[in-house]
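Below is one structure; the comments refer to it alone.
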């Protein structure tokens with residue numbers, strides 16, 4: 001099936017070439033980091049996790065969100081998702097790989113990563129996160145491989161794959177729950193020490209992930225002969241609306257508990273995020289952009305006329321993705337360390353090397369998504385007689 | 001540890017082999033140091049079963065009434081840095097600290113008091129790793145590179161640490177430092193009796209486990225001419241630490257978190 005990835009038009013190859021350039025730059029930066037040490041990043045003794053772990057946390061959500069198409073399609077037999085399900089699964093695989101790369105980039109001694117398996121430590125949540133992420137990767141690789149090759153050969157997928165698909169549903173929930181537990185189980189970090197962190201992670205994941213999927217579907221519709229179908233996009237819109245409502249609700253609950261209780265340790269982190277402390281305001285503009293995007297997106301989502309207009313809906317999905325990326329991929333992890341255990345405010349900003357490595361990993365993820373989508377759509381097209389009439393070669 | 005290293009070489013392939021050899025070569029130069037840290041009290045399954053309900057629990061009492069750190073005294077810090085090859089980068093971003101001074105209101109954030117003794121307000125408090133009874137760092141470490149000895153000391157295995165810094169996120173006391181870059185060229189005077197570290201691993205105060213095992217008190221305790229630091233077995237009712245705690249009011253840092261810090265401050 002891989003041969004499909006080797007056939008494409010100029011636009012396809014140009015896109016892959018751009019991504020390869022960003023990946024190469026990121027790899028070069030990583031060699032610098034490997035040589036110098038993590039001191040080359042903006043992280044410090046006080047803010048000891050930065051953009052790598054933040055990106056990891058955000059992308060775990062994207063990986064988990066595949067369940068939002070898998071569940072309706074396989075559990076409820078919702079046929080409108082017949083085309084988007086494979087895209088969801090093929091979004092999950094590169095996402096998990098990106099997660100692993102971000103964690104790997106964050107390690108001080110990457111050559112010792114096997115120690116996690118040599119000394120399995122059941123009381124460490126990080127061990128369980130590695131287990132759940134690897135398991136999720138394996139499940140999705142098996143599922144996509146088996147269902148696609150069945151489609152390729154125009155036969156029904158084997159029966160044994162169904163229990164594996166059903167297993168992937170709770171497994172998807174588990175990867176983001178365990179990732180939330182990484183943070184919410186730490187007594188010394190009041191910002192993360194909240195039981196609603198896992199539900200909040202899931203709600204934001206189920207808004208941002210399907211939004212990204214809609215963005216991909218609408219881009220593919222414009223650039224290629226692929227059409228996810230009006231019903232699929234509309235249904236995703238409903239899913240995103242519910243998830244986004246829950247997400248905003250959860251954030252407001254956090255803010256209520258922190259400010260009404262008035263416990264300084266809990267208030268100070270939110271103060272840092274939304275007003276800054278003693279002139280330390282690096283994250284403030286970002287957080288307000290995120291908040292404003294959230295509110296605008298909610299209005300656009302809750303008005304059916306606007307939600308069902310694809311052009312506006314594309315924009316809505318874009319600002320949801322950005323809003324949650326800021327909230328989770330910047331604010332959530334970094335602010336856990338600000339103020340410090342001594343009540344000091346020491347800020348963090350990523351260095352160029354750090355950003356270049358992060359961009360490289362994102363580009364690698366997009367590279368994989370492109371190739372996987374190319375293969376999936378080629379197979380879908382070659383097996384659909386209607387499509388064959390319309391196009392002879394596939395333009396991705 | 002040697003056994004672990006052998007296993008590591010066997011399993012991790014050629015790339016890891018190169019690094020492991022490098023470690024062996026560098027540790028040859030410090031054969032004495034390696035000897036000292038070769039076991040470092042890691043609990044084996046056997047010792048876990050036979051541990052007689054921890055007869056010894058090491059703890060420290062810091063008498064802030066005697067401590068003169070606010071006058072610029074850094075004797076405990078200097079002796080520790082020298083003993084343990086703690087590097088001095090000359091900046092705060094990458095710094096590695098085992099003992100350092102914090103203002104009272106920073107060290108005891110949860111005991112905020114608007115009106116307190118004048119002496120306490122300006123007090124600089126020496127802070128260390130609390131070598132907790134329920135250390136969150138040990139709980140979260142994915143490789144058991146940080147572990148608790150039978151006598152309660154929380155240790156670091158710098159050869160096993162993968163540098164994920166989960167322990168730093170988990171520590172409520174900011175007691176852990178990471179080697180953001182190669183520390184070796186920033187050590188003023190290398191003590192050949194103690195290992196130096198590589199970049200990419202976490203380290204912290206270990207109550208001078210290497211000295212205790214040789215019957216010596218911790219370096220900071222020895223260096224303190226004001227006799228403000230007292231160290232001993234807190235499970236022994238006749239020990240000096242217990243007597244001090246019996247006769248004086250003491251506080252601990254963030255005791256409400258349930259970590260069971262083993263450094264007691266007399267105020």
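Protein chains in written order, with this note's numbering: chain A, 1 to 396; chain Y, 1 to 267. Think of the CB as a built atom: it goes at the ideal place given N, C-alpha and C, for glycine as much as any other residue. Remember, predicted model here, so these are calculated numbers, not experimental data.
Notebook entry, point to check: Apart from the five residues just before and just after residue 326 of chain Y, which ones in its own chain have a Cβ nearer than 7 Å to its Cβ?
Noted result: In this structure chain Y extends from 1 to 267, so residue 326 of chain Y is not present and cannot be described.
Rounding to the nearest angstrom, what Cα-Cα distance links residue 162 of chain A and residue 172 of chain A in this structure? The residue given as residue 162 of chain A occupies position 162 in the first chain. The residue given as residue 172 of chain A occupies position 172 in the first chain. It is roughly 16 Å from the alpha-carbon of residue 162 of chain A to the alpha-carbon of residue 172 of chain A.
- prompt: Can you list, in chain order, the residues of the segment 82-116 of chain A whose Cβ is nearer than 9 Å to any Cβ on chain Y?
  reply: Taking 9 Å as the Cβ-Cβ cut-off against chain Y, the residues of the segment 82-116 of chain A that qualify are 103, 106, 107, 108, 109, 110, 111, 112, 113, 114, 115, 116.
Helix, strand or coil at residue 146 of chain Y [DSSP, three-state] = Within the second chain, the letter at position 146 stands for residue 146 of chain Y. In this structure, residue 146 of chain Y counts as strand in the three-state DSSP scheme.
Check: According to DSSP, is residue 48 of chain A helix, strand or coil?
Finding: Counting from 1 along the first chain, the entry for residue 48 of chain A is found at position 48. Three-state DSSP puts residue 48 of chain A in coil, outside helix and strand.
- request: Check residue 177 of chain Y in the structure and name its three-state DSSP category.
  value: As a first step, residue 177 of chain Y is located in the second chain; it is residue number 177 there, counting from the start. In this structure, residue 177 of chain Y counts as strand in the three-state DSSP scheme.
Bridge partners - residue 229 of chain Y, DSSP secondary structure assignment:
Counted from its first residue, the second chain places residue 229 of chain Y at position 229. Looking at the DSSP assignment, residue 229 of chain Y forms a beta bridge with Y:62.
Within 8 Å (strictly less), CB to CB, does residue 174 of chain Y reach chain A?
Locating residue 174 of chain Y in the second chain gives position 174, counting from the first residue. At least one chain A Cβ lies under 8 Å of residue 174 of chain Y.
- What does residue 405 of chain A pair with, by DSSP beta-bridge criteria? Residue 405 of chain A is absent from the model: chain A starts at 1 and stops at 396.
### Message
Would you say residue 24 of chain Y lies against chain A (beta-carbon separation less than 8 Å)?
### Response
Here the question's residue 24 of chain Y lines up with position 24 in the second chain. Confidence in residue 24 of chain Y is poor, its pLDDT being 46 and thus under 50, which makes the residue's placement too unreliable to answer from.
Next on the checklist: Taking 8 Å as the threshold (beta carbon to beta carbon), is residue 180 of chain Y in contact with chain A?
Outcome noted: Your numbering for residue 180 of chain Y matches position 180 in the second chain. It does; some Cβ of chain A falls within 8 Å.
**Asked** What separation, rounded to the nearest whole angstrom, lies between the Cα atoms of residue 306 of chain A and residue 369 of chain A?
**Response** Position 306 of the first chain, counting from 1, holds the residue named residue 306 of chain A. Position 369 of the first chain, counting from 1, holds the residue named residue 369 of chain A. For residue 306 of chain A and residue 369 of chain A, the distance between alpha carbons rounds to 29 Å.
Open item on the list: Counting only Cβ-Cβ distances shorter than 9 Å, please list the residues of the segment 268-299 of chain A near chain Y, keeping chain order.
Closed with: Of all residues in the segment 268-299 of chain A, none places a beta-carbon less than 9 Å from a beta-carbon of chain Y.
* To do: Could you tell me whether the Cβ atoms of residue 420 of chain A and residue 89 of chain A are closer together than 8 Å?
  => Here chain A comprises residues numbered 1 to 396, so residue 420 of chain A is not present and cannot be evaluated.
Note to self: Using CA atoms only, rank isn't needed, just tell me which of Y:239, Y:76, Y:256 is closest to residue 58 of chain Y.
What the structure shows: Stepping through the second chain from its first residue, residue 58 of chain Y is reached at position 58. Ranking Y:239, Y:76, Y:256 by Cα distance to residue 58 of chain Y puts Y:239 first.
Exercise for the section: Could you pull the start and end residues of the alpha helix (DSSP H) that residue 86 of chain Y belongs to? Expected result: Position 86 of the second chain holds residue 86 of chain Y. From DSSP, residue 86 of chain Y is part of no alpha helix (DSSP H); its letter is neither H nor E.
Note to self: Please return the same chain residues whose Cβ sits closer than 7 Å to the Cβ of residue 105 of chain Y, not counting the five positions on each side in sequence.
What the structure shows: As a first step, residue 105 of chain Y is located in the second chain; it is residue number 105 there, counting from the start. Closer than 7 Å at the Cβ level, and outside the excluded window around residue 105 of chain Y, lie 112.
- Backbone secondary structure at residue 206 of chain Y - three-state DSSP: Here residue 206 of chain Y refers to the residue found at position 206 of the second chain. Coil, per DSSP.
Review point. What three-state label does DSSP hand residue 71 of chain Y in the structure shown?
Key: Residue numbering aside, residue 71 of chain Y sits at position 71 when the second chain is read from its first letter. In the structure shown, residue 71 of chain Y sits in a helix (DSSP, three-state: H, G or I).
(message) With distance defined between alpha-carbon atoms, name the residue in Y:160, Y:121, Y:172 nearest to residue 134 of chain Y.
(response) In the second chain, the residue the question calls residue 134 of chain Y occupies position 134. When each option's Cα is compared against that of residue 134 of chain Y, the closest is Y:172.
- Query: Do the CB positions of residue 70 of chain Y and residue 122 of chain Y come within less than 8 Å of each other?
  - Reply: Here the question's residue 70 of chain Y lines up with position 70 in the second chain. Here the question's residue 122 of chain Y lines up with position 122 in the second chain. Taking 8 Å as the Cβ cut-off, residue 70 of chain Y and residue 122 of chain Y qualify as a contacting pair.
Subject >> 7 Å Cβ cut-off: residues of chain A touching residue 265 of chain Y >> reply: Numbered from 1 along the second chain, position 265 holds the residue referred to as residue 265 of chain Y. Within chain A, no C-beta atom comes less than 7 Å from the C-beta of residue 265 of chain Y; the nearest is roughly 15 Å away.
*What does residue 51 of chain A reach in chain Y if we use C-beta pairs closer than 8 Å?*
Taking the first residue of the first chain as position 1, residue 51 of chain A is located at position 51. Near residue 51 of chain A there are no residues of chain Y at all, since even the closest Cβ is about 14 Å away, more than 8 Å.
Could you give the residue range of the beta strand (DSSP E) that holds residue 131 of chain A? Walking along the first chain from the start, residue 131 of chain A turns up at place 131. Run containing residue 131 of chain A: none in the beta strand (DSSP E); it sits in the alpha helix (DSSP H), 125-152.
Margin query: I'd like to know whether the C-beta of residue 361 of chain A is nearer than 8 Å to at least one C-beta of chain Y.
Written below: Translated into the one-based positions of the first chain, residue 361 of chain A becomes position 361. No - not a single Cβ of chain Y is within 8 Å of the one on residue 361 of chain A.
**Asked** Does the beta carbon of residue 109 of chain Y sit closer than 8 Å to a beta carbon anywhere in chain B?
**Response** Here the protein chains are A and Y, and chain B is not one of them.
(message) Quick check on the burial criterion: 16 or more other C-beta atoms within 10 angstroms. Buried or exposed for residue 55 of chain A?
(response) As a working note, residue 55 of chain A is residue 55 in the first chain. It counts as buried.
* Asked: Under a three-way DSSP split, which group does residue 59 of chain A fall into?
  -> The residue labelled residue 59 of chain A in the question sits at position 59 within the first chain. Residue 59 of chain A: helix per DSSP, three-state reduction.
With the cut-off set at 8 Å, would you say residue 213 of chain A and residue 84 of chain A are in Cβ contact?
Walking along the first chain from the start, residue 213 of chain A turns up at place 213. Walking along the first chain from the start, residue 84 of chain A turns up at place 84. Going by C-beta atoms, residue 213 of chain A is nearer than 8 Å to residue 84 of chain A.
| task | Please name the residue in Y:88, Y:196, Y:170, Y:40 whose C-alpha comes closest to that of residue 126 of chain A. | result | Here residue 126 of chain A refers to the residue found at position 126 of the first chain. The shortest C-alpha separation from residue 126 of chain A is found at Y:170.
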